[in-house]
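Undergrad: Top line first, the protein sequences correspond to chains A and B.
For the first sequence, the positions run 2 to 224 when the numbering used here is used.
For the second sequence, the positions run 2 to 224 when the numbering used here is used.
All C-beta atoms, glycine included, are put in the ideal place defined by N, C-alpha and C.
Number of protein chains: 2
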Amino acid sequence: MKDLLAVLKIAVPDKIFIKDPETSDLGKRIIENSIILINEIGFEGFTFKKLGKKIGSNESSIYRYFESKHKLLQYLSSWYWAWLEYQLVIETFSISNSQEKLEKAITVVTRIVKEDSNYSHINETILYKIIVNESSKSFLTKEVDLENKEGYFEVYKRLITRVSEMIEAVNNNYPFPLSLASTILEGGLHQHYLKDHFPSITNCKSEKTPTEFFIQLTNNSLK
Amino acid sequence: MKDLLAVLKIAVPDKIFIKDPETSDLGKRIIENSIILINEIGFEGFTFKKLGKKIGSNESSIYRYFESKHKLLQYLSSWYWAWLEYQLVIETFSISNSQEKLEKAITVVTRIVKEDSNYSHINETILYKIIVNESSKSFLTKEVDLENKEGYFEVYKRLITRVSEMIEAVNNNYPFPLSLASTILEGGLHQHYLKDHFPSITNCKSEKTPTEFFIQLTNNSLK
DNA sequence: ATTTAACGATAGTATTACTATTATATTTGT
DNA sequence: ACAAATATAATAGTAATACTATCGTTAAAT
Numbered sequence: 002m003k004d005l006l007a008v009l010k011i012a013v014p015d016k017i018f019i020k021d022p023e024t025s026d027l028g029k030r031i032i033e034n035s036i037i038l039i040n041e042i043g044f045e046g047f048t049f050k051k052l053g054k055k056i057g058s059n060e061s062s063i064y065r066y067f068e069s070k071h072k073l074l075q076y077l078s079s080w081y082w083a084w085l086e087y088q089l090v091i092e093t094f095s096i097s098n099s100q101e102k103l104e105k106a107i108t109v110v111t112r113i114v115k116e117d118s119n120y121s122h123i124n125e126t127i128l129y130k131i132i133v134n135e136s137s138k139s140f141l142t143k144e145v146d147l148e149n150k151e152g153y154f155e156v157y158k159r160l161i162t163r164v165s166e167m168i169e170a171v172n173n174n175y176p177f178p179l180s181l182a183s184t185i186l187e188g189g190l191h192q193h194y195l196k197d198h199f200p201s202i203t204n205c206k207s208e209k210t211p212t213e214f215f216i217q218l219t220n221n222s223l224k
Numbered sequence: 002m003k004d005l006l007a008v009l010k011i012a013v014p015d016k017i018f019i020k021d022p023e024t025s026d027l028g029k030r031i032i033e034n035s036i037i038l039i040n041e042i043g044f045e046g047f048t049f050k051k052l053g054k055k056i057g058s059n060e061s062s063i064y065r066y067f068e069s070k071h072k073l074l075q076y077l078s079s080w081y082w083a084w085l086e087y088q089l090v091i092e093t094f095s096i097s098n099s100q101e102k103l104e105k106a107i108t109v110v111t112r113i114v115k116e117d118s119n120y121s122h123i124n125e126t127i128l129y130k131i132i133v134n135e136s137s138k139s140f141l142t143k144e145v146d147l148e149n150k151e152g153y154f155e156v157y158k159r160l161i162t163r164v165s166e167m168i169e170a171v172n173n174n175y176p177f178p179l180s181l182a183s184t185i186l187e188g189g190l191h192q193h194y195l196k197d198h199f200p201s202i203t204n205c206k207s208e209k210t211p212t213e214f215f216i217q218l219t220n221n222s223l224k
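So this is what it looks like as structure tokens:
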């Protein structure tokens, strides 16, 4: 089932980039290595100049693909959410029991990504770390509303809508399916962040996962 | 009861600043106007040069108070959390019923700040907006662990611990009091952000508040 | 009256976040 | 096979950012 990705392409809204990085070797190297570099030095420290040096290419060449490093982060985020949506769909597809289906969905969106699927130049395990640490910055800007209108966040919104629909399938009288879905998604990332950096304000650790926490929270709210 | 703040001072960890802005007129103008300016142009667009111009002072003078704009944001965040902790304490102090107390606590930490208490140069209503839009950036950096060791986030952690204790008072068998408390706090901010910028992925609007959502979520989880 | 602290003004630096131009290499269409 | 189009590299340049350092003036404290 996973091999579907050999035939499908993760679709990122095309207004995010100037030139589709999937269409050239340089483009792929930009994506592959930006993930590695952002993870190493953080988004604030990351520059196109440093990336150029890392991939033995020129700063100006990277600008042909992305207008700014902010757009590149949005590309990476969208790519990740699309990839996660794909995981969500294939892993829940065959489950007919709606309760079970929802639990699987929560598992998929709140778990750690620890294995790289190896189907492309993108290392999902490292990308996942970037999502935990940096993805909020892709929408917490003065340009959100404009960028939202341009469709930059479509993938993210569709993913949340999907989870929300699974919540409704379990209990269609529940008044906050969208809020619960968005809380599970962002909250999942946040709990993982706390586990790594602020262990004194979370109960999550390696054995007691955010997944457990959010499944319990959801089940109690829907019954 | 609110007048306590005339006598008490909001305490921000002193490693965050070089010189305490509360100790001078210039310092107070820095704080007062940085809040206004960050709200206007966003944290990314904000610079000490622009702030200097706004307050009719010199860039280099601002550097005598804060090492960087990042530290200034951490100061504002800590100040806000301390102020919120104060609100939390006074508004829940006299409630003896633990269930009722917790609901009040959730109300305090997830509601909009729409009135400025006017006791100081700090406009809490505008500061609250900055917290919604920018506060995540104060800890989502490569320096978190170092800064955490230095005590920069003590106020934030104490606030969450307090809410967590109120959760435990209602049900001390609940396995995730800290995670629930941190989810309520960050989730509250996030739902307000969604309401303003991504209404299609939240059920919250002006009449149907994040407070309602989180109270329901909590009650269902603890019973 | 003198030391000390605070502030403003000016200057300077390395880096960032780009844009523009040109030359060269590679791919593609005919 | 050749011309045309496209992609990339190299270089240069710019305005702004994020600071640091120095110095003179003013105001406050001893």
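#1: Between the Cα of GLU213(B) and the Cα atoms of LYS105(B), TYR66(B), LEU223(B) and MET167(B), which residue gives the shortest distance?
#2: Can you tell me which of the three DSSP states VAL114(B) falls into?
#3: Let me know the secondary structure DSSP gives LYS142(B) once reduced to three states.
#4: Is any beta-carbon of chain B found at less than 7 angstroms from that of THR219(A)?
#5: Could you tell me the alpha carbon to alpha carbon distance between GLU208(A) and GLU101(A), rounded to whole angstroms?
#6: Could you give the first and the last residue of the continuous alpha helix (DSSP H) run that contains PHE44(A)?
#7: Does the beta carbon of SER207(B) sit closer than 7 angstroms to a beta carbon anywhere in chain A?
#8: I'd like to know if SER136(B) contacts chain A, where contact means its C-beta is closer than 7 angstroms to some C-beta of that chain.
#9: Spatial neighbours of PHE49(A) within its chain, please: C-beta separation below 7 angstroms, excluding the five flanking residues on both sides.
#10: Which of the three DSSP states is assigned to ASP197(B) in this structure?
#11: Hey, is the region 73-80 of chain A in contact with the region 178-189 of chain A, meaning 3+ C-beta pairs nearer than 8 angstroms?
#12: Using a Cβ-Cβ cut-off of 7 angstroms (strictly less than) and excluding sequence neighbours within five positions of THR108(A), which residues of its own chain qualify?
#13: Using a Cβ distance threshold of 8 angstroms, determine whether the region 125-132 of chain A contacts the region 128-136 of chain B, with at least three qualifying pairs required.
#14: Using a Cβ cut-off of 7 angstroms (strictly closer), state whether GLN75(B) contacts chain A.
#15: According to DSSP, is ARG163(A) part of a helix, a strand, or is it coil?
#16: Between which two residues does the alpha helix (DSSP H) harbouring TYR76(A) extend?
#17: Report all residues from its chain with a CB closer than 8 angstroms to the CB of GLY28(A); omit the five preceding and five following residues, and keep chain order.
#18: Taking GLN192(B) as the query, report the chain A residues whose CB atoms sit under 8 angstroms from its CB, ordered along the chain.
TA: In this structure, then:
#1: LYS105(B)
#2: coil
#3: With the sequence shown as reference, residue 142(B) is identified as Thr, and Lys is not the correct amino acid for it. Coil at THR142(B), not helix or strand.
#4: no
#5: 21 angstroms
#6: 26-46
#7: no
#8: no
#9: GLU60, ILE63, TYR64 and LYS70
#10: helix
#11: no
#12: THR212
#13: no
#14: no
#15: helix
#16: 70-93
#17: LYS20, ASP21, PRO22 and TYR66
#18: SER180, SER183 and THR184
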